[in-house]
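**Q** Numbering follows the numbering used here, with no gaps: position 558 of the sequence shown is 558.
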Amino acid sequence: MNRIVRIDMKNQEVREEKASKELFLLGGRSLIDKILTDEVDPAVHPLGEGNKLVFAPGLFAGTPIPNSGRLSIGAKSPLTGGIKESNGGGTVALTMARLGIKALVIEQRPENAPYILIVKKDSVAIEPAPELAMAGNYELCGRLREKYPHAAIASIGPCGEMKMTASTIALTDTNGFPSRHCGRGGLGAVMGSKGLKAVVLDDKGGSGKAPSDPDAFKENIKEVIELIKSNPRVPFFRREGTAGMIPLASARGSLPTRNHRSGSFKGFEGLSSQRMAELQSQRGGSMVHGCMPGCIVKCSNVYFDRDKKYLTSGFEYESLAMLGANLEIDDMDAVAAMERKCDDYGLDTIEVGAAIGVLGESVFFEFGNKEMAIDLVDQIGKGSPLGRVLGQGVATTCHVLGTSRVPAVKGQAIPAHCARSIKGVGVTYATSPQGADHTAGYVIDDNLSPVGQADRSRVAQINMMLMDSLGFCYFCFLMGKLSTYSKLIRSLYGVDCDEEMLIQLAKTALKQEKEFNGRAGLTGASDRMPEFLLTEPLPPTNSVFDVPQDDLVSLFDKL
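#1: So for A9, helix, strand or coil by DSSP?
#2: In this structure, how does DSSP classify N326 when only helix, strand and coil are distinguished?
#3: N87 bridges to which residues according to DSSP?
#4: Which word fits S432, buried or exposed, when buried means at least 16 other C-beta atoms lie within 10 angstroms of its C-beta?
#5: Please go through the region 295-342 and give each complete beta strand (DSSP E) segment of 3 or more residues, from N-terminal end onward.
#6: Whole-angstrom Cβ separation of R70 and F472, contact assumed at under 8 Å?
#7: For E161, does the three-state DSSP call read helix, strand or coil?
#8: Runs of 3 residues minimum, wholly inside the region 107-180: which ones carry the beta strand (DSSP E) assignment?
#9: Kindly give me the distance between the Cβ atoms of K102 and I4, rounded to whole angstroms, as I take these residues to be in contact under 8 Å.
#10: Could you give the distance in angstroms between the alpha-carbon of T523 and the alpha-carbon of I462?
#11: Please tell me whether M96 and F60 are closer than 8 Å, where the distance is taken between their beta carbons.
#12: Classify H181 as buried or exposed, calling it buried when 16 or more other Cβ atoms lie within 10 Å of its own Cβ.
#13: Look up L292 in the DSSP assignment and say whether it is helix, strand or coil.
#14: Give every residue of the same chain whose Cβ lies closer than 8 Å to the Cβ of A251, excluding the five residues on either side of it in the sequence, and list them in chain order.
#15: Buried or exposed: which applies to E499, given that a residue is buried once 16 or more other Cβ atoms fall within 10 Å of its Cβ?
#16: May I ask you to report which of helix, strand or coil DSSP gives K18?
#17: Would you mind stating whether A152 and A198 have Cβ atoms separated by less than 8 Å?
#18: Could you spell out the range, first to last residue, of the beta strand (DSSP E) harbouring F237?
#19: Quick one: give me the first and last residue of the beta strand (DSSP E) that L196 is part of.
#20: Name, in chain order, the residues that DSSP records as bridge partners for T63.
#21: Report the rounded CA-to-CA distance for I221 versus L488, giving the unit in angstroms.
#22: Please name the residue or residues paired with A454 in a DSSP beta bridge.
#23: According to the Cβ coordinates, are A189 and G160 closer than 8 Å?
#24: Considering only the beta carbon of each residue, do L327 and I356 sit closer than 8 Å?
#25: Taking the straight line between their C-alpha atoms, what separation do you get for E351 and D496?
#26: Helix, strand or coil for K266 per DSSP?
#27: Sort C398, D437 and D348 by Cα distance to I380 and report the nearest one.
#28: Going straight from the alpha carbon of R519 to that of P42, what length do you get?
#29: Apart from the five residues just before and just after S421, which ones in its own chain have a Cβ nearer than 7 Å to its Cβ?
#30: Suppose contacts are defined by Cβ-Cβ distances below 8 Å. Is G208 in contact with K84 by that definition?
#31: Out of L552, S384 and A277, point me to the one whose CA is closest to D333's CA.
#32: Helix, strand or coil for P385 per DSSP?
#33: Rounded to whole angstroms, what is the Cα-Cα separation between D331 and V288?
#34: Taking S272 as the reference, give the member of G241, E371, R458 and N137 with the closest Cα.
#35: For M529 versus A430, is the C-beta spacing smaller than 8 Å?
#36: Using a Cβ-Cβ cut-off of 6 Å (strictly less than) and excluding sequence neighbours within five positions of R145, which residues of its own chain qualify?
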């Protein structure tokens, strides 16, 4: 992969350049960080023409390395106001790699919209598509795949076109459904601001990268497969999926319930993997599904509805927790219906679940009322006045309601892992340049003690930067396997690479994110947890977030 393809939406021009030597060992998130810090003024409005939207597969995309097909998309976020990388599965990263594309950079914005971008081996075309305006992701991808049956598609639903900051960019999965999402940070709104409804990638005639040392590469892949298969957590996630975390989280007191009023949900069994397996065994769905080509963990699922029809294939823990427990809804089919609507409208289920949860402490929503919750998701998708508020995320919803109890950091909703009972991940929420994002550095060790959590989070954030840059999925459990990464890079790319180089790459990228945010106005004062997490004990552990603020502020000083 050495093609950098630039799309000027204002002048309807396509330019292509070869990746410089400086970018050679950058991929995914680290490549996005480099492009944005070099080319985007941190002071620009996120929805203005000065912002850029970057698609970048990881360094290992397009190869037989298992679980390495994640896609990174990045821009200045309209939700956090800082740099943002959002990460998803699906088929887009593989297809970009087979086309030799290291990064796709969307620049400027047009006078009219929407357009679609058609990317093939020997051509890139910008085509007007007024007939697709405000189409949902499922209708959109169905129509595009009629014309391009084997294409991978990245698209936005109507919420991206309405430039809602809770909007996502959908990625087609291995069955062609838009069920995988780059969900955090409102990047769907940035894509909507560029007038771009979909990117269609057809890799006919393309090929993956040939390894520099085929024999060594083959042996390195065997090592990766053995590392994944030998991890004791893999059988659990293959059998239970991420829904298997629901009972564990409730028992641990880390499952957000009733707008973060509790960490344990009495109705957790209705959202559990056991309940999902029971329903899907009756309906013809599946508890084993890979979200991207080459996945050997297969912790996702294919969820069928009561009529034994496909509903979604991205029904994960975060959605079950935030649209279920956080709203006190224990009906899995009701939560699945909201998940499907979020897929179609292009909405982040974490942000939506958090916003509706806050609404539950007003006259606009009753906790446990699944019909009201489903209607509120529809209101967002259709752009009603209340829907417009919710679609701008939980921080805006709190502002409109006049509540000071805001479950967000840097404007982004806190995910489904309670920071008061998992304090290490709370440090990541507070300090990550990405805002409240568990995947930026998930830490669960010694979860109730504040001691040493900043150091644990720092290490996790470095490791996750590498995972995001290589294209690895978190659930292959290769975090921190630096010698494995370096051997793969040497045999694939034919360059000297050791563990220290990788650590420095990650540290450099994290510093770039931090510096970008500082110039955008997000200073150390932004690395702070919401006040209610510091003062309200969370049942059943009755803990508060008590990691010292000095530990948070100084975390990046030790990079």
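Idealized CB from N, CA, C, for every residue including glycine.
**A** In terms of the structure at hand:
#1: The question names Ala, but residue 9 in the sequence shown is Met. Coil.
#2: Residue state, collapsed to three classes: helix.
#3: S72.
#4: Answer is buried; the Cβ neighbour count reaches 16.
#5: With a minimum length of 3 residues, the continuous beta strand (DSSP E) runs that stay inside the region 295-342 are 300-304 and 310-312.
#6: Right, the Cβ-Cβ distance comes to about 7 Å (below 8 Å), so this counts as a contact.
#7: E161: helix per DSSP, three-state reduction.
#8: Fully enclosed beta strand (DSSP E) runs of 3 or longer: 115-119, 124-128, 152-155 and 169-171.
#9: Their Cβ separation, rounded to whole angstroms, is 6 Å, which keeps K102 and I4 in contact under 8 Å.
#10: So the alpha carbons of these two residues sit roughly 20 Å apart.
#11: No Cβ-Cβ contact shorter than 8 Å links M96 with F60.
#12: Burial call: buried.
#13: Residue 292 is actually Met in this sequence, not Leu. DSSP places M292 outside both helix and strand once states are collapsed to three, so it counts as coil.
#14: Counting only Cβ-Cβ distances below 8 Å, and skipping sequence neighbours, we find S264.
#15: By the neighbour-count criterion, in which 16 or more other beta carbons inside 10 Å mark a residue as buried, E499 falls on the exposed side.
#16: Correct three-state label for K18: strand.
#17: For A152 and A198, no; Cβs fall outside 8 Å.
#18: First-last for F237: R233 to E240, but that is the alpha helix (DSSP H), not the beta strand (DSSP E).
#19: For L196, the enclosing beta strand (DSSP E) begins and ends at L196 to L201.
#20: Per DSSP, none; premise fails for T63.
#21: Distance between the alpha carbons of I221 and L488 is about 8 Å.
#22: According to DSSP, A454 shares a beta bridge with no other residue.
#23: Between A189 and G160, the gap from beta carbon to beta carbon is short of 8 Å.
#24: Remark: C-beta atoms of L327 and I356 approach each other more closely than 8 Å.
#25: Answer to the nearest angstrom: the Cα atoms are 42 Å apart.
#26: The three-state reading of DSSP puts K266 in coil, since its state is none of H, G, I, E or B.
#27: Checked all of C398, D437 and D348; the closest Cα to I380 is D348.
#28: Rounded to whole angstroms, R519 to P42 spans 6 Å at the Cα level.
#29: Excluding positions up to five away in sequence, the list reads R252, G253, S254, G263, N447, L448, L538, T541 and S543.
#30: One thing to note: G208 has its Cβ no nearer than 8 Å to the Cβ of K84.
#31: That would be A277, whose Cα lies nearest to the Cα of D333.
#32: In the structure shown, P385 sits in a helix (DSSP, three-state: H, G or I).
#33: Cα to Cα, D331 sits roughly 21 Å from V288.
#34: Nearest C-alpha to S272: G241.
#35: The Cβ atoms of M529 and A430 lie closer than 8 Å to each other.
#36: Only G176 meet the Cβ criterion.
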